[in-house]
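Peer 1: Here's a structure for you.
2 protein chains.
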Amino acid sequence: MGTVAFSTRERLLTAAQELIEEGGYGAASVIAIAERAGLAAGTLYRHFASKEELFVEVFRSVCGREEHAMRQAAQAAGSAPAAQRLEIVLATFAQRALRNPRLAWALIAEPVDPRVDAERLAYRARYAAVIAEDLAAGIAAGELPPQNVDLTAAALVGGCGEALVGPLSPLAPDGPPAEEIVAALRTFIGRAVGAR
Amino acid sequence: MGTVAFSTRERLLTAAQELIEEGGYGAASVIAIAERAGLAAGTLYRHFASKEELFVEVFRSVCGREEHAMRQAAQAAGSAPAAQRLEIVLATFAQRALRNPRLAWALIAEPVDPRVDAERLAYRARYAAVIAEDLAAGIAAGELPPQNVDLTAAALVGGCGEALVGPLSPLAPDGPPAEEIVAALRTFIGRAVGAR
DNA sequence: TTGCGCCGTGAATCCGGATTCACTACGCTG
DNA sequence: CAGCGTAGTGAATCCGGATTCACGGCGCAA
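These protein sequences, in sequence, are chains H and V. Counting in this note's numbering, the first sequence runs from 3 upward without gaps. Counting in this note's numbering, the second sequence runs from 3 upward without gaps.
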């Protein structure tokens with residue numbers, strides 16, 4: 003007991019994620035993935051119809067985790083004023099990204115095959131949806147001024163993403179410390195949202 | 003007089019741009035580009051060391067044009083209050099993008115080879131620099147609250163980009179009309195920047 | 001006219017990965 | 001033990017584009 007036997011499928015998924023984490027999509031070739039999972043290339047196809055399918059699944063699991071973390075943060079900040087809740091939710095997103103930069107970069111900005119990219123789009127929309135909910139609640143409560151909720155949400159997600167692209171980029175090793183970035187981001191968010 | 007003879011090189015560049023405009027990078031294969039320019043594939047290599055080099059050049063010329071347009075808009079709005087100038091500059095960016103969605107999408111979001119992608123990053127930074135200048139001026143003039151200029155600038159560029167990704171996406175044909183998007187964006191920008 | 005570059009040609013070739021598939025190994029069941 | 005199914009193997013193959021290069025014309029200068 004204790005040691006769970008990981009299925010081959012799972013091993014392939016983690017192998018892929020690890021490789022992406024270390025060297026981006028480029029490093030995650032079928033051969034490299036299989037090798038890390040202790041298998042031969044052909045075996046991958048016993049478990050996934052294609053490499054792309056495997057990637058999509060990795061993408062989903064990681065992004066799903068992020069979305070979940072954001073929702074949890076929102077939950078936890080339940081009673082705070084709307085603007086603060088939004089700051090907290092997006093700061094959560096940013097902090098998590100900064101803690102695992104290479105993976106975050108892969109999810110946010112690195113070029114990928116179109117089908118995987120579609121997944122990216124989808125998850126951005128979901129992140130935006132999380133933001134939009136809180137935004138709408140804040141407006142309804144009279145805490146925030148009326149505004150185009152969907153656009154503001156998209157702009158916030160995009161804004162945070164872009165603000166992180168620099169710091170996350172595998173090319174630009176070290177910029178300002180994470181806390182500073184997050185703090186500045188919170189100021190930005192608070193204002194953008196129309197908090198007095 | 004009047005009719006300028008376009009060099010073969012120029013014809014290849016416009017052919018590539020047109021193809022990207024119509025069908026994205028995927029549509030711009032070496033053969034398609036050469037064909038549209040009225041040439042054979044091999045000829046492209048008499049004028050560019052590689053396909054990539056050609057792409058980078060297209061990218062630069064288009065993005066350079068955008069940057070120029072933004073700077074001009076900033077110039078023209080010279081006397082307006084800082085927040086308004088920023089709105090105007092970014093609205094210019096957005097409007098131009100919305101007028102040529104497929105190309106804008108290719109420049110802003112479509113997956114490309116890393117070297118071309120590097121160009122994208124570089125130009126985002128230049129757009130951000132344009133914003134940062136006005137931002138800094140506004141703060142110096144006491145019109146805007148002090149803030150992390152670079153981060154705000156990046157977040158604004160990213161925010162506008164993301165807000166446009168939906169509307170621009172070749173997959174999602176028609177959302178709200180352009181003016182509405184631009185108007186909502188201006189509200190967002192004004193607030194994000196800290197205008198009273 | 002001959003010689004020499006320059007521009008252009010496009011079929012043949014290269015290239016880097018994904019994908020296939022005939023085969024082996026192992027464990028289970030009748 | 002024979003039969004069968006599942007998991008695994010990895011060398012061979014496929015694939016889609018970029019890239020090469022041996023081979024014309026064409027115009028200019030000697």
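Even glycine gets a Cβ: it sits at the ideal position worked out from N, Cα and C.
1) Check whether the Cβ atoms of residue 110 (chain H) and residue 167 (chain H) lie closer than 8 Å to each other.
2) Note the first and the last residue of the continuous alpha helix (DSSP H) segment covering residue 134 (chain V).
3) Alpha carbons only, please: which of V:120, V:144, V:153 and V:115 is nearest the one belonging to residue 132 (chain V)?
4) Taking the CB atoms as reference points, tell me whether residue 108 (chain H) and residue 22 (chain H) lie closer together than 8 Å.
5) Alpha carbon to alpha carbon, how far is residue 197 (chain H) from residue 208 (chain H)? Give it in angstroms, no decimals.
6) Between the segment 118-134 of chain H and the segment 53-62 of chain H, can you find at least three pairs of beta-carbon atoms closer than 8 Å?
7) Are the segment 13-21 of chain H and the segment 31-42 of chain H touching by the rule of at least three beta carbon pairs closer than 8 Å?
8) Interface residues of chain V around residue 119 (chain H) at Cβ under 8 Å?
9) Quick one: Cα of residue 33 (chain H) to Cα of residue 163 (chain H), how far?
10) Suppose you measure from the CA of residue 101 (chain V) to the CA of residue 184 (chain V); what does that come to, to the nearest Å?
11) Considering only residues of the same chain and omitting the five flanking positions on each side of residue 188 (chain H), which have a CB-CB separation below 7 Å?
12) Go ahead and pull the three-state DSSP assignment for residue 180 (chain V).
13) Could you tell me which chain H residues have their CB closer than 7 Å to the CB of residue 94 (chain V), listed as they occur along the chain?
14) For residue 56 (chain H), tell me which candidate among H:70, H:10, H:77 and H:72 has the shortest Cα-Cα distance.
15) Let me know the secondary structure DSSP gives residue 42 (chain V) once reduced to three states.
16) Whole angstroms are fine: how far does the CA of residue 49 (chain H) sit from the CA of residue 71 (chain V)?
17) Leaving out the 5 sequence neighbours to the left and right, which residues in its chain are closer than 6 Å to residue 29 (chain H) when beta-carbon positions are compared?
18) Residue 76 (chain V) touches chain H at which residues, Cβ-Cβ below 8 Å?
19) For residue 199 (chain H), which residues in the same chain have their Cβ closer than 8 Å to its Cβ, ignoring the five residues on either side in sequence?
20) With 8 Å as the threshold, decide whether the Cβ of residue 157 (chain V) is near any Cβ in chain H.
21) Alpha carbon to alpha carbon, how far is residue 128 (chain V) from residue 69 (chain V)? Give it in angstroms, no decimals.
22) What residue range does the alpha helix (DSSP H) around residue 103 (chain V) cover?
23) Measuring alpha carbon to alpha carbon, tell me which residue in V:12, V:76, V:65 and V:158 is nearest residue 45 (chain V).
24) Any chance you could list the beta strand (DSSP E) runs of at least 3 consecutive residues sitting entirely within the segment 6-37 of chain H, in chain order?
25) Quick one: Cα of residue 158 (chain H) to Cα of residue 14 (chain H), how far?
26) Using the rule of at least 16 other Cβ atoms within 10 Å of the residue's Cβ for burial, across every protein chain shown, is residue 42 (chain H) buried or exposed?
27) Restricting to Cα atoms, I'd like to know which of V:182, V:137 and V:179 is closest to residue 192 (chain V).
28) I need the boundaries of the alpha helix (DSSP H) containing residue 63 (chain V), first residue and last residue.
29) Residues of chain H with CB under 7 Å from residue 54 (chain V), in chain order?
30) Look at residue 140 (chain V) and residue 84 (chain V) and say whether their C-beta atoms are less than 8 Å apart.
31) In three-state terms, what does DSSP make of residue 197 (chain V)?
32) For residue 76 (chain V), which of V:135, V:195, V:126 and V:149 has the nearest alpha-carbon?
33) Give the interface partners of residue 162 (chain V) over in chain H, defined as CB-CB distance under 8 Å, in chain order.
34) Out of V:67, V:156, V:103 and V:142, point me to the one whose CA is closest to residue 24 (chain V)'s CA.
35) When the Cα of residue 126 (chain H) is compared with those of V:74, V:31 and V:165, which residue comes out closest?
Peer 2: This is what the structure gives:
1) Residue 167 (chain H) sits close to residue 110 (chain H), with the two beta carbons spaced by under 8 Å.
2) Boundaries of the alpha helix (DSSP H) harbouring residue 134 (chain V): 116-142, taken from the DSSP string.
3) With distances taken between Cα atoms, residue 132 (chain V) lies closest to V:153.
4) Between residue 108 (chain H) and residue 22 (chain H), the C-beta spacing is below 8 Å.
5) Only positions 3 to 198 of chain H appear in the structure, and residue 208 (chain H) is not among them; the question remains open.
6) Taking 8 Å as the limit for Cβ pairs, the verdict is that the segment 118-134 of chain H does touch the segment 53-62 of chain H.
7) The segment 13-21 of chain H and the segment 31-42 of chain H touch, with no fewer than 3 CB-CB distances between them shorter than 8 Å.
8) Per Cβ cutoff of 8 Å: 113.
9) Each residue's alpha carbon lies about 31 Å from the other.
10) For residue 101 (chain V) and residue 184 (chain V), the distance between alpha carbons rounds to 12 Å.
11) Listed in chain order, the non-local C-beta contacts of residue 188 (chain H) below 7 Å within the same chain comprise 89 and 93, local neighbours out to five positions each way being set aside.
12) Helix.
13) By Cβ distance, chain H contributes nothing, its closest Cβ being about 17 Å from residue 94 (chain V), past 7 Å.
14) Of H:70, H:10, H:77 and H:72, the smallest CA-CA separation from residue 56 (chain H) is found for H:10.
15) If DSSP states are grouped into helix, strand and coil, residue 42 (chain V) belongs with coil.
16) One C-alpha to the other measures close to 51 Å.
17) Here residue 29 (chain H) has 21 as same chain residues with Cβ atoms under 6 Å from its own Cβ, once five neighbours each way along the sequence are excluded.
18) Result: empty, since nearest Cβ-Cβ is about 20 Å, beyond 8 Å.
19) This structure cannot speak to residue 199 (chain H), because chain H is shown only from 3 to 198.
20) It does: the Cβ of residue 157 (chain V) has a partner Cβ on chain H nearer than 8 Å.
21) Here the C-alpha atom of residue 69 (chain V) lies approximately 7 Å from the C-alpha atom of residue 128 (chain V).
22) Per DSSP, residue 103 (chain V) belongs to the alpha helix (DSSP H) from 103-110.
23) If you compare the alpha carbons of V:12, V:76, V:65 and V:158 with that of residue 45 (chain V), the shortest gap goes to V:12.
24) Segments of the beta strand (DSSP E) lying fully in the segment 6-37 of chain H: there are none.
25) Spanning the two alpha carbons is a distance of roughly 34 Å.
26) Result: exposed.
27) Checked all of V:182, V:137 and V:179; the closest Cα to residue 192 (chain V) is V:137.
28) Counting along the chain, the alpha helix (DSSP H) containing residue 63 (chain V) begins and ends at 53-78.
29) What residue 54 (chain V) touches in chain H: nothing, since even the nearest Cβ is about 13 Å away.
30) Contact flag set, yes.
31) The three-state reading of DSSP puts residue 197 (chain V) in coil, since its state is none of H, G, I, E or B.
32) In this structure, V:135 is the residue among V:135, V:195, V:126 and V:149 with its C-alpha nearest to the C-alpha of residue 76 (chain V).
33) Those within 8 Å of residue 162 (chain V) in chain H are 157 and 160.
34) Ranking the options by Cα distance to residue 24 (chain V), first place goes to V:103.
35) Comparing Cα-Cα distances from residue 126 (chain H) to each of V:74, V:31 and V:165, the minimum goes to V:165.
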